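Protein chains in written order, with this note's numbering: chain F, 128 to 460; chain L, 274 to 645.
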């Protein structure tokens, strides 16, 4: 049984992690040692929900405390610091998206984990959505015929977050939130999440609203180069207005629309629309909780054997972090 | 200068348009948001005529002046154990602003108080039995609370039930439809040719401004309930044709399924039936009267059933789709009933043109020329 600490006890833990952890607890796969959050009420509520032994405002990981892994679900600006403390105490880290602030931080976590003989993984849930897996399989044979890619996600923000973090923190903007999903989905679809040393990306024609971070709307063209797998990606994310929620891939094969939250991608060709099904006739995750269950299972496999590689292995997110860093950094001028 | 207008739910899509209409007519407006910082991103620039504030700051801003209150805010998290409590908390925050100074309360509600599928043409009067869905039940509860608040505050009351809100950027009925067409999901039951029961966001803003401006006593002559769906008689296919032309693929429908067999064992079915009955509503209403939110949270965690995550075959139509398909297939009109003398500024053709331009410019299309 793997014993988790949970650091950061906000809505994402309440809604997408706690129900999954409780299923894993019933199967004796997981137990929760401690829950930590600057808001003690939130920490206590999650601790009661997942049957944790203790709760508090700040974790103090030690090599001999019996904890095997940490779920880091704080805002992105503290991910690297918290994960690093746990990794150095010999524990694996399961980090919410966006992985870190920068590519350098992400690379350091990956190498530190490797040296410590533990795992680091990123909870990039969309990689488990059936539409995305099926589109990835379809595009594997069509990569040479891709002309362009347009990746967008937008909606009007009309709820009150627990704090002003999204408009005050430099990493609370749309880039390290929705942008992380969208950029990762493109890279994963096109198989550009491997061999980070062989790949490079540059950001062009960037515009943001407001100009300074945290931005709430961001538009750019991303050029990914390397190893014959080049792509031009039109990128747009917004918290101010609706945009298509998905990736459109144009090529000789037609237009492929990959919705971010739907069962199957659609191939539009010669006036007709075809649903692209995954070749494997297996059951699929039923919504976001099903995806979260698969992600936790993959992470547990890595905790038990850090040499195992999964689709959410930390080293597969380095290019993504480089792109997010570039999108973010442009405003520092 | 007229009394200030205090707008709750200011940062919502409709609320933002209403604020623009009020400002254009020279009103002083205070937009209320729980997180003003975020609301400022979505609303017109602040000025001498317009400010954004929390509910607690409003009294300082208007002093001893009378005001009108327009409420667009509503409970979005429809957790059955919490929605009554949250409705009360919201209405308490409005009551604190209204105390002793509210001349007129305009409470925005929805046609969904009659359910997603109208069993008969809705009438502009108090709804008796709530529909069998949490959204409608919650909205009826908030209508009741608005009535009580208006009585306590001696304010004139208008409850405005909106039809399906269309317009450029409409989350549900422009962006939502366009996204659905991109996903080639059905938009209605085959052969239904449903009434759109639509209202345009700019016409809503104009109507709210009209209600706020009317002389004292004129609203009472109309009655409390207003229905706004100036395009109710237009059928969905008229709008769907416009949007699908921009998306680049025709819209589709699906055969209406026969009544689904009841799922689960006898105990689970009985619990579900009880939950849908008056007893279930009384229990939820009772939870809404618990004074301490922390106690409510603890109770909720104890009684709430959260379905565990699982792996499953993919259904052709998900549960969320059923209500939506009913709306697309409405056999009955939700007819406007508005104050005498008001007429919409935006007609249906103008509405369609604006939506078409917005769909194209926002990238909801599979046409190759939209590529970067």
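Backbone N, C-alpha and C fix where the C-beta goes; we use that ideal spot for every residue, glycine too.
All of these numbers come straight from a predicted model, not from anything done at the bench.
For residue 637 of chain L, the nearest CB of chain F lies under 8 Å from its own CB, placing it at the interface with that chain. Secondary structure note for residue 386 of chain F: its beta strand (DSSP E) is the uninterrupted segment 381 to 386. Chain-order list of chain L residues neighbouring residue 384 of chain F: 455, 456 and 639, by C-beta distance under 8 Å. Taking the CA atoms as reference points, residue 396 of chain F sits about 49 Å from residue 543 of chain L. Counting the other CB atoms within 10 Å of its CB gives residue 541 of chain L a total below 16, which places it among the exposed residues. The beta carbon of residue 277 of chain F lies closer than 6 Å to those of 361 and 375 in the same chain, with the five residues before and after it left out. Counting only runs that start and end inside the stretch 292 to 332 of chain F, the alpha helix (DSSP H) elements of at least 4 residues fall at 292 to 295 and 305 to 316. Between residue 213 of chain F and residue 183 of chain F, the C-beta gap is not smaller than 8 Å, which leaves the two residues out of contact. Per DSSP, the unbroken beta strand (DSSP E) holding residue 439 of chain L starts and ends at 437 to 439. Put simply, the stretch 310 to 327 of chain L does not touch the stretch 355 to 362 of chain L. Fewer than three CB pairs are less than 8 Å apart. The Cβ atoms of residue 467 of chain L and residue 566 of chain L lie no closer than 8 Å to each other. When the five nearest sequence neighbours on each side are left out, the beta carbons in the same chain lying within less than 6 Å of the beta carbon of residue 246 of chain F are those of 219, 429, 430 and 433, in order along the chain. Among the bridge pairs identified by DSSP, residue 375 of chain L is matched with L:340. Residue 378 of chain L sits close to residue 428 of chain L, with the two beta carbons spaced by under 8 Å. Counting along the chain, the unbroken beta strand (DSSP E) around residue 182 of chain F starts and ends at 181 to 183. Assigned with DSSP and collapsed to three states, residue 275 of chain F falls in strand. Using a Cβ-Cβ cut-off of 8 Å, residue 379 of chain F does not count as an interface residue toward chain L, since no Cβ of chain L sits closer than that to its own.
Per DSSP, the unbroken beta strand (DSSP E) holding residue 250 of chain F starts and ends at 247 to 250. Assigned with DSSP and collapsed to three states, residue 601 of chain L falls in helix.
Non-local C-beta neighbours of residue 371 of chain F in its own chain, meaning closer than 6 Å and more than five positions away in sequence, comprise 279, ordered along the chain. Listed by position along chain L, the residues whose Cβ is nearer than 7 Å to that of residue 400 of chain F are 457 and 522. Per the DSSP secondary-structure output, residue 349 of chain F pairs in a beta bridge with F:330 and F:360. Taking a contact as a CB-CB distance under 8 Å, the pair residue 627 of chain L and residue 440 of chain L counts as one, their CB atoms being some 7 Å apart. Using a Cβ-Cβ cut-off of 8 Å, residue 422 of chain F does not count as an interface residue toward chain L, since no Cβ of chain L sits closer than that to its own.
Contact between residue 131 of chain F and residue 147 of chain F is ruled out by a C-beta separation of about 11 Å, above the 8 Å threshold.
In the DSSP assignment, residue 131 of chain F falls within the unbroken beta strand (DSSP E) covering 129 to 134. Look at the beta carbons and you see the stretch 289 to 301 of chain L not touching the stretch 264 to 273 of chain F: under three pairs across the two are nearer than 8 Å.
Of the other Cβ atoms in all chains shown, fewer than 16 fall within 10 Å of the Cβ of residue 325 of chain F; this residue is therefore exposed. The beta-carbon of residue 315 of chain L is placed less than 8 Å from the nearest beta-carbon of chain F. DSSP, reduced to helix, strand and coil, places residue 498 of chain L within a strand of the structure shown. Our two residues, residue 569 of chain L and residue 215 of chain F, have alpha carbons roughly 40 Å apart in a direct line. DSSP lists no beta-bridge partner residue for residue 450 of chain F.
At a cut-off of 8 Å between beta carbons, residue 132 of chain F makes no contact with chain L.
Here residue 612 of chain L is near residue 495 of chain L, since their CB atoms are less than 8 Å apart. Following the DSSP letters along the chain, one finds residue 555 of chain L in no beta strand (DSSP E) but inside the alpha helix (DSSP H) bounded by residues 551 to 560. By the 16-neighbour rule on beta-carbons within 10 angstroms, residue 514 of chain L is exposed.
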